[in-house]
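One structure is given here, and the rest of the page talks about it.
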Amino acid sequence: MSQQNSLPEIFESFADARKQGFLAAKAVKDAGKNLIGYYCTYTPVEVIMAAGAVPVGLCATSDETIPESEKVLPRNLCPLVKSSYGFAVTDKCPYFYFSDLIVGESTCDGKKKMYELLNEVKPTHVLQLPNENKSERSLDYFKEEVFTFKERLEKEFNITITNEDLKKAIQLKNRQRETIKEFYNLMSLTPPPISGLDVHKALYGSEFKFDKEAQIQEMQALTKQIYETYRTQGSKIKPEAPRILITGCPIAGATEKIITAIEENGGVVVTYENCFGTKAVEEMIDESLDPIEGIARKYLNTPCSVMSNNQDRLDKLSELIERFKADGVVDVVLQACHTYNIEGFSVKRHVKEKHNLPYIALETDYASSDTGQLKTRLGAFIEML
Numbered sequence: 308m309s310q311q312n313s314l315p316e317i318f319e320s321f322a323d324a325r326k327q328g329f330l331a332a333k334a335v336k337d338a339g340k341n342l343i344g345y346y347c348t349y350t351p352v353e354v355i356m357a358a359g360a361v362p363v364g365l366c367a368t369s370d371e372t373i374p375e376s377e378k379v380l381p382r383n384l385c386p387l388v389k390s391s392y393g394f395a396v397t398d399k400c401p402y403f404y405f406s407d408l409i410v411g412e413s414t415c416d417g418k419k420k421m422y423e424l425l426n427e428v429k430p431t432h433v434l435q436l437p438n439e440n441k442s443e444r445s446l447d448y449f450k451e452e453v454f455t456f457k458e459r460l461e462k463e464f465n466i467t468i469t470n471e472d473l474k475k476a477i478q479l480k481n482r483q484r485e486t487i488k489e490f491y492n493l494m495s496l497t498p499p500p501i502s503g504l505d506v507h508k509a510l511y512g513s514e515f516k517f518d519k520e521a522q523i524q525e526m527q528a529l530t531k532q533i534y535e536t537y538r539t540q541g542s543k544i545k546p547e548a549p550r551i552l553i554t555g556c557p558i559a560g561a562t563e564k565i566i567t568a569i570e571e572n573g574g575v576v577v578t579y580e581n582c583f584g585t586k587a588v589e590e591m592i593d594e595s596l597d598p599i600e601g602i603a604r605k606y607l608n609t610p611c612s613v614m615s616n617n618q619d620r621l622d623k624l625s626e627l628i629e630r631f632k633a634d635g636v637v638d639v640v641l642q643a644c645h646t647y648n649i650e651g652f653s654v655k656r657h658v659k660e661k662h663n664l665p666y667i668a669l670e671t672d673y674a675s676s677d678t679g680q681l682k683t684r685l686g687a688f689i690e691m692l
């Protein structure tokens, strides 16, 4: 079998990592380790790793459990919040089922109130975020939050987390970030070597491979194989395919319909400026700093729309547009996500005025009912490019 023909199977293995979650999570528990579920990019996973526990992102990307969640939560709420709660209360998420502790964060009012209810199902620790991320006061505040989280894990599991434990976790996670960054930077090539959907499968699925050392090795091997195939056999992506940057809310699971619609209409998604893309990976933790301060600085710098102001996101968009040679920007907003929806005006203005690029905003949810409409709108957008 040629390398080119075997590549799709590799991407499916990353996608299958999430599907095999029940067995993988059970294996972690059978090995005597603690599993800690979290929802957000702001969660300092290095603290979890330093505690000898396994961090895992929780299921919140499908409308399957939303009807059950709406028995408690209002219907006009963000689908991510409703899906998160629905998977928790129905035990349809193996990661939640096996988790010993849940970690939330105060990124939006809907989440904050949902976590109160979640705490009735399973112990939930909520990281409190400041409203801005540039002042020393905010940094001091979040350093205290990271330290308090460390103390909660020590108390919960009757352990001591040393600075050395934190440093080792930081080094390992930084290596993982560098490896992932090297992988998705392949998409800066012209034409890109693979599809944006394959990139997404690998980025999203990699989070469900619990052995970080093995994950690093697999991602390095994948990157090398893709590049070698590209160098010797070229790419199946047409050189003239419009290069699309996706920004906005987290997209995974059901919202892959947007990626599919772009690429079925002849475009190619070259990068993702969102939580399942570059947002969590671009910045490393400064290993020369005190571990708690290094962790706090890195996570507080996350360019999320919950921060006011959020010039960092616009600066990052500019850098990504240049690095990946984007021809257009697609801004994805989940229904009832007010911060990303309002910030869309600033993003549109920035993309058009600074880069003179076409921009389109899409408001969607986890249902498939708008798939046809999305295909039509994105088809027209890509044809314009």
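Take the position in the sequence shown, starting the count at 1, then add 307; the result is the number in my numbering. All C-beta atoms, glycine included, are put in the ideal place defined by N, C-alpha and C.
DSSP three-state assignment for T567, whether helix, strand or coil: As a working mapping, residue 567 is identified with position 260 in the sequence shown. Helix, per DSSP.
First through last residue of the beta strand (DSSP E) which encompasses T554: Within the sequence shown, residue 554 is the residue found at index 247, counting from 1. Segment 550–555, the beta strand (DSSP E) holding T554.
Inter-residue CB distance, L504 and E570 (contact presumed, cutoff 8 Å): By 1-based counting over the sequence shown, the position of residue 504 is 197. By 1-based counting over the sequence shown, the position of residue 570 is 263. With 8 Å as the limit, L504 and E570 qualify as a contact, their Cβ atoms being about 6 Å apart.
Beta-bridge pairing of T578 - partner residues as DSSP gives them: Taking the first residue of the sequence shown as 1, we reach residue 578 at position 271. Per DSSP, L552.
DSSP three-state assignment for A338, whether helix, strand or coil: Walking along the sequence shown from the start, residue 338 turns up at place 31. A338: coil per DSSP, three-state reduction.
Proximity test, K475 beta-carbon vs the ligand COA heavy atom, cut-off 8 Å: With respect to the ligand COA, the structure shown offers nothing to examine, as it has no ligands at all.
Cβ-based burial, M308 [other Cβ within 10 Å; buried from 16]: Within the sequence shown, numbered from 1, the residue matching residue 308 stands at position 1. Legend: pLDDT at M308 = 33, less than 50; position of this residue unreliable, value from coordinates given subsequently. Counting the other CB atoms within 10 Å of its CB gives M308 a total below 16, which places it among the exposed residues.
Classification of M691 by the beta-carbon crowding that lies within 10 angstroms, buried from 16 upward: Here residue 691 refers to the residue found at position 384 when the sequence shown is read from its first residue. M691 should be labelled exposed.
Cβ pair count under 8 Å reaching 3, the region 493–509 against the region 533–549: Output reads yes: the region 533–549 touches the region 493–509.
Whether V588 touches L621 by CB criterion (9 Å): Stepping through the sequence shown from its first residue, residue 588 is reached at position 281. Stepping through the sequence shown from its first residue, residue 621 is reached at position 314. No.
9 Å Cβ cutoff met for T372 and T609: Taking the first residue of the sequence shown as 1, we reach residue 372 at position 65. Taking the first residue of the sequence shown as 1, we reach residue 609 at position 302. Going by C-beta atoms, T372 is not nearer than 9 Å to T609.
Burial state of H507, where buried means 16 or more other Cβ atoms lie within 10 Å: Position 200 of the sequence shown, counted from the first residue, corresponds to residue 507. The residue is buried, with at least 16 neighbouring Cβ atoms inside 10 Å.
Distance CB(F583)-CB(T530) smaller than 9 Å: To locate residue 583, count along the sequence shown from 1; it is residue 276. To locate residue 530, count along the sequence shown from 1; it is residue 223. The criterion of a C-beta distance shorter than 9 Å is not satisfied by F583 and T530.
Terminal residues of the alpha helix (DSSP H) in which E443 lies: On the sequence shown, residue 443 is found 136 positions in, with the first residue counted as 1. Residues 443–464.
Among K418, D398, L669, the one whose alpha carbon lies nearest that of D638: As a first step, residue 638 is located in the sequence shown; it is residue number 331 there, counting from the start. Nearest option by C-alpha distance: L669.
Beta-carbon spacing of R656, I667 below 9 Å: To locate residue 656, count along the sequence shown from 1; it is residue 349. To locate residue 667, count along the sequence shown from 1; it is residue 360. Their beta carbons are not under 9 Å apart, which means R656 does not touch I667 by this criterion.
Close-in-space but distant-in-sequence residues of the same chain around C611 (CB under 6 Å, 5 per side omitted): The residue you call residue 611 lines up with position 304 of the sequence shown. Excluding positions up to five away in sequence, the list is empty.
Any 3 or more C-beta pairs closer than 8 Å across the region 370–386 and the region 333–349: With the rule of 3 Cβ pairs closer than 8 Å, the region 370–386 does not count as touching the region 333–349.
Bridge partners - V639, DSSP secondary structure assignment: Counting from 1 along the sequence shown, the entry for residue 639 is found at position 332. For V639, which the question treats as bridged, DSSP gives the partners G555, L669.
Distance between I487 and G679 (C-alpha atoms, nearest Å): Indexing the sequence shown from 1 puts residue 679 at position 372. Indexing the sequence shown from 1 puts residue 487 at position 180. If you take the alpha carbons of G679 and I487, they lie about 33 Å apart.
Counted within 10 angstroms of its Cβ, other Cβ atoms place A476 as buried (16 or more) or exposed: Along the sequence shown, read from residue 1 onward, the residue named residue 476 stands at position 169. Answer is buried; the Cβ neighbour count reaches 16.
Strand pairing of P362, partner residues [DSSP]: Residue 362 sits at position 55 when you count from the first residue of the sequence shown. In DSSP, P362 forms a bridge with I343.
Straight-line Cα distance separating E660 from I409: Along the sequence shown, read from residue 1 onward, the residue named residue 409 stands at position 102. Along the sequence shown, read from residue 1 onward, the residue named residue 660 stands at position 353. Roughly 42 Å separates the two Cα atoms.
Distance, Y534 Cα to L681 Cα: Counted from its first residue, the sequence shown places residue 681 at position 374. Counted from its first residue, the sequence shown places residue 534 at position 227. CA-CA distance, L681 to Y534, rounds to 32 Å.
Close-in-space but distant-in-sequence residues of the same chain around K474 (CB under 8 Å, 5 per side omitted): Residue numbering aside, residue 474 sits at position 167 when the sequence shown is read from its first letter. Excluding positions up to five away in sequence, the list reads E594, P598.
Opposing strand residues paired with L695 [DSSP bridges]: Outside the shown range of the chain, which is 308 to 692, sits residue 695, and nothing can be said about it.
Residue span of the beta strand (DSSP E) that contains V433, given as start and end: Within the sequence shown, residue 433 is the residue found at index 126, counting from 1. 431–434 is the extent of the beta strand (DSSP E) around V433.
Rounded separation between F515 and K418 - CA only: Here residue 515 is taken as the residue at index 208 of the sequence shown, counted from 1. Here residue 418 is taken as the residue at index 111 of the sequence shown, counted from 1. Approximately 23 Å between the Cα atoms of the pair.
Of the listed residues L552, E525, Q522, nearest to S502 (C-alpha basis): Here residue 502 refers to the residue found at position 195 of the sequence shown. Answer by Cα proximity: L552.
CA nearest to the CA of N383, picked from H662, H645, F688, F464: On the sequence shown, residue 383 is found 76 positions in, with the first residue counted as 1. That would be H645, whose Cα lies nearest to the Cα of N383.
Ordered list of alpha helix (DSSP H) runs contained in the region 380–409, each at least 4 residues: Secondary structure remark: continuous alpha helix (DSSP H) runs of at least 4 residues inside the region 380–409, in chain order: 386–397, 401–405.
Option in L446, Y346, V428, F652 with minimal Cα separation from V396: By one-based count along the sequence shown, residue 396 stands at place 89. For V396, the closest alpha carbon among the candidates L446, Y346, V428, F652 is that of V428.
Which of helix, strand or coil DSSP assigns to V658: Position 351 of the sequence shown, counting from 1, holds the residue named residue 658. Assigned with DSSP and collapsed to three states, V658 falls in helix.
CB of M356 within 9 Å of CB of K457, strictly: One-based indexing of the sequence shown puts residue 356 at position 49. One-based indexing of the sequence shown puts residue 457 at position 150. No, the pair does not count as a contact, with Cβ atoms beyond the cut-off.
6 Å Cβ shell around F454 - same chain, five flanking residues per side excluded: By one-based count along the sequence shown, residue 454 stands at place 147. Once the five neighbours on either side are set aside, the close Cβ partners of F454 are I599.
Presumed contact (8 Å Cβ cut-off) between L641 and C385, rounded CB distance: Along the sequence shown, read from residue 1 onward, the residue named residue 641 stands at position 334. Along the sequence shown, read from residue 1 onward, the residue named residue 385 stands at position 78. Confirmed, Cβ separation roughly 5 Å.
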